[in-house]
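Participant: Counting in this note's numbering, the sequence shown runs from 489 upward without gaps. Take a look at the following structure, please.
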Amino acid sequence: MDIKLYLKRPDAKAETSIFARITYEAGPFKYYLPEKIKPQYWNNNLQRAARVKDFPEYSEFNARLDNLEKVIKDSYRKYLNDHNNEIPSIIAFKDVLDYALGKKMVTKWTFLDFFKDFIARCDRGWDIPLCICP
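Take a look at the structure:
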């Protein structure tokens, strides 16, 4: 797996999004990270924030980028382990990353939530199986 970081708009004057170009067995794809930076503080060669006096928090920012790369790699390895070494499709891997980075949240239902949803579906006339048999 190869991860390269790029700016969405490298010629912009304001902050711009950072995306990761992730290349693995299923192919390459872009994934936008939850961080932004002004292009003047970006070092294209290092793919990290540049060490400049106007951006004193560069080391923390770079540590955050390192952590995001680690999350991407760990999510990939976890998917392989959980799915018997099956290579995830790009869509599946994007979903895994969305959950790992908090872009999507796993909704946990209480019994009351489930019951309210059940009643609402019954009122709409949905066919609800009473038993799910293999």
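C-beta atoms are modelled at their ideal positions from N, C-alpha and C, and glycine is treated no differently.
1) Is the beta carbon of R509 closer than 8 angstroms to that of F516?
2) Looking at chain D, is there any beta carbon in it that lies within less than 8 angstroms of the beta carbon of I578?
3) Taking all protein chains shown into account, do 16 or more other C-beta atoms lie within 10 angstroms of the C-beta of A537, making it buried, or fewer, making it exposed?
4) Anyone know if the C-beta pair for I506 and I491 falls short of 8 angstroms?
5) Counting along the chain, where does the alpha helix (DSSP H) carrying A508 start and finish?
6) Which stretch, first to last residue, makes up the alpha helix (DSSP H) that contains Y623?
7) Looking at C-alpha atoms only, which residue of L556, R539, P544 and K561 is the closest neighbour of Y512?
Facilitator: Answer, in terms of the structure:
1) Position 28 of the sequence shown, counting from 1, holds the residue named residue 516. Position 21 of the sequence shown, counting from 1, holds the residue named residue 509. This sequence places Pro at residue 516; Phe is not what is there. With respect to R509, P516 sits close: the two C-beta atoms are nearer than 8 angstroms.
2) The question asks about chain D, but that chain is absent: this structure has only one protein chain.
3) Position 49 of the sequence shown, counting from 1, holds the residue named residue 537. A537 should be labelled buried.
4) The residue labelled residue 506 in the question sits at position 18 within the sequence shown. The residue labelled residue 491 in the question sits at position 3 within the sequence shown. No, these two residues do not count as a Cβ contact at 8 angstroms.
5) Reading the sequence shown from its first residue, position 20 is the one you call residue 508. It is not in any alpha helix (DSSP H) - A508 instead sits in the beta strand (DSSP E) that spans T504 to Y512.
6) There is no way to answer for residue 623, as the model of the chain reaches only from 489 to 622.
7) Stepping through the sequence shown from its first residue, residue 512 is reached at position 24. Taking only the C-alpha atoms, the option nearest Y512 is K561.
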